[in-house]
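Notes follow the structure.
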Amino acid sequence: MIAKPHLLSLCKDISKAAGRIKLHVRKTPLEYSPWLSDVGKSKVYIKLESEQITGSFKLRGAFNKLLTLKESNDEVFLTNGVITASTGNHGAATAYASSKVGTPVTIYVPETTSDAKLKVVKQFGGSVKFHGEDCVEAEVTARNAAKESGMHFVSPYNDLVVVAGQGTIGVEIFEDLADVDAVFVAVGGGGLIGGIAAYLKSVKPEIKMIGCQPSQSAVMLESVKAGKILDLPSGDTLADGTAGGIEENSVTFDLCKYLVDEWILVSEEEISRAVYQFMENHHKIVEGAAGVAIAAYLKDHNRFQGQNVVIISCGANITMKKLKEVSLQWDQI
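For the record, in the sequence shown the residue sitting at position 272 is 272 according to UniProt numbering, with numbers rising by one throughout.
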């Protein structure tokens, strides 16, 4: 179990990260949702990380890692830059942060990465290399390349400095809504929910953290149930940002195991419908991973009646092709 001193230490690191990255990222809106509030007879707020620079929450962790390296005057970092691996959003975030910090970045991505995410990565000057079918294969290759070259590897989630950056979302939520009761978060590698939960559970332990995953790719949930990280296949999902396995010995596993109170799995149909309904009701585009958290609330809202609920809209990087498919699917109903 995560020791209390360790959790408090991470909470302090998150508070420091909030100050470190403040001038580099947006404080995203916490927007009240009349639609979801009416559906669930509760007060529902959407944390719009989908409106973050580069279109996802990943910018927070990337900036915290790169600025921490810069503050340490790390010679290898300043001279050679960094290597990372990503399904797209982390790569785009690291490319953007690197361009602002002034250091080069090489990004390994799975061959299944969406065109929308690749476009964002490339527009910020990241050098892209393809390897493997999912994020774990890309991560292993990237880590090996970093070892061989002596460069720093920036993990999408398996790094407490990155997790602390993502946890700054929790700082903003608590600043804007201290009486929050439950937070719904899509889970892939676990860095987002791990960081948010570490902060919120430290300042208000009774907050319920709800982990949300696609039924097609529930690797973290199955690992938590088994008590160890499992090597499981990940199916195709609209929520490609949550797809893939978990790196062996990931620091996020214990965070998810001990800080996530409940888990909700959603089908591809539920994810697609949530993306469509969010566009219809909020007039905003979100990607499939954000749809996972929205779908989870729509699926299980009855238990949260009368509560203050926050749903993390984690990203907006979705292809027009997928958006058209989603619209065609639900316009006909």
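Each residue gets a CB set at the ideal place from its N, CA and C atoms; glycine is no exception. A quick note: this is a predicted structure, and the numbers were derived from the prediction, not measured.
Where do the ends of the beta strand (DSSP E) carrying residue i lie?
i: GLN213; result: 208-214
i: SER127; result: 127-130
i: PHE304; result: Note, PHE304: premise wrong, no beta strand (DSSP E); not H, not E.
i: ALA178; result: Element bounds for ALA178: n/a, residue is neither H nor E.
Kindly indicate which three-state DSSP category residue i falls into: helix, strand or coil?
i: GLU31; result: strand
i: LEU232; result: coil
i: GLY191; result: helix
i: TYR157; result: coil
i: ASN80; result: helix
i: SER313; result: strand
i: LYS321; result: helix
i: PHE124; result: coil
i: THR106; result: strand
i: LYS43; result: strand
i: HIS152; result: strand
i: VAL266; result: strand
i: LEU48; result: strand
i: ASN308; result: strand
i: ALA198; result: helix
i: ALA85; result: strand
i: VAL183; result: strand
i: GLU280; result: helix
i: LEU36; result: helix
i: GLU75; result: helix
i: GLY244; result: coil
How big is the Cα-Cα spacing for residue i and residue j?
i: residue 338; j: TRP35; result: An answer regarding residue 338 cannot be provided, because it is not within the stretch 1 to 333 covered by the chain.
i: PHE130; j: SER149; result: 18 Å
i: VAL109; j: GLY245; result: 14 Å
i: ASP300; j: TRP263; result: 11 Å
i: ASN249; j: ASP331; result: 44 Å
i: LEU255; j: GLY190; result: 8 Å
i: LEU200; j: VAL260; result: 11 Å
i: ALA226; j: THR237; result: 23 Å
i: VAL101; j: GLU51; result: 21 Å
i: THR103; j: THR79; result: 8 Å
i: VAL185; j: ILE312; result: 6 Å
i: ILE173; j: GLU31; result: 11 Å
i: SER327; j: GLU270; result: 14 Å
i: ALA295; j: GLN216; result: 14 Å
i: HIS6; j: THR112; result: 37 Å
i: ILE207; j: LEU8; result: 16 Å
i: PRO15; j: GLU175; result: According to the sequence provided, residue 15 is Ser. The question's Pro does not apply to it. For SER15 and GLU175, the distance between alpha carbons rounds to 12 Å.
i: LYS119; j: ALA142; result: 20 Å
i: GLU137; j: ILE229; result: 15 Å
i: MET209; j: GLN329; result: 31 Å
Quick check: residue i and residue j, are their CB atoms within less than 8 Å of each other?
i: VAL292; j: GLN213; result: yes
i: VAL154; j: VAL251; result: no
i: VAL121; j: ALA92; result: yes
i: THR168; j: ALA289; result: no
i: ALA95; j: PHE77; result: no
i: ALA97; j: LEU59; result: yes
i: SER86; j: ILE107; result: yes
i: ALA239; j: ASP134; result: no
i: GLY211; j: ILE193; result: yes
i: LEU298; j: VAL39; result: yes
i: GLY81; j: MET151; result: yes
i: LEU232; j: VAL224; result: no
i: PHE253; j: GLY165; result: no
i: VAL140; j: GLY126; result: no
i: LEU221; j: LEU265; result: yes
i: LYS12; j: VAL161; result: no
Would you kindly report the start and end of the unbroken alpha helix (DSSP H) that includes residue i?
i: THR252; result: 252-259
i: THR68; result: 58-71
i: VAL136; result: 135-149
i: LEU221; result: 219-226
i: LEU238; result: Element bounds for LEU238: n/a, residue is neither H nor E.
i: LYS100; result: 89-101
i: VAL292; result: 288-299
At the 8 Å Cβ level, is residue i part of the contact set with chain B, yes or no?
i: GLY190; result: Of the chains in the structure shown, none is chain B; there is only one protein chain.
Given 7 Å as the limit, tell me if residue i has its C-beta closer than that to any heavy atom belonging to the ligand ADP.
i: VAL25; result: Here there are no bound small molecules, and the ligand ADP is not part of this structure.
| message | With a threshold of 8 Å, are at least 3 pairs of Cβ atoms found where one atom belongs to the stretch 302-314 and the other to the stretch 181-189? | response | yes
| query | Are at least three pairs of beta-carbons, each pair with one atom in the stretch 256-275 and one in the stretch 20-27, less than 8 Å apart? | reply | no
| said: Counting beta carbon pairs with one atom in the stretch 316-325 and one in the stretch 57-70, are three or more of them shorter than 8 Å? | reply: no
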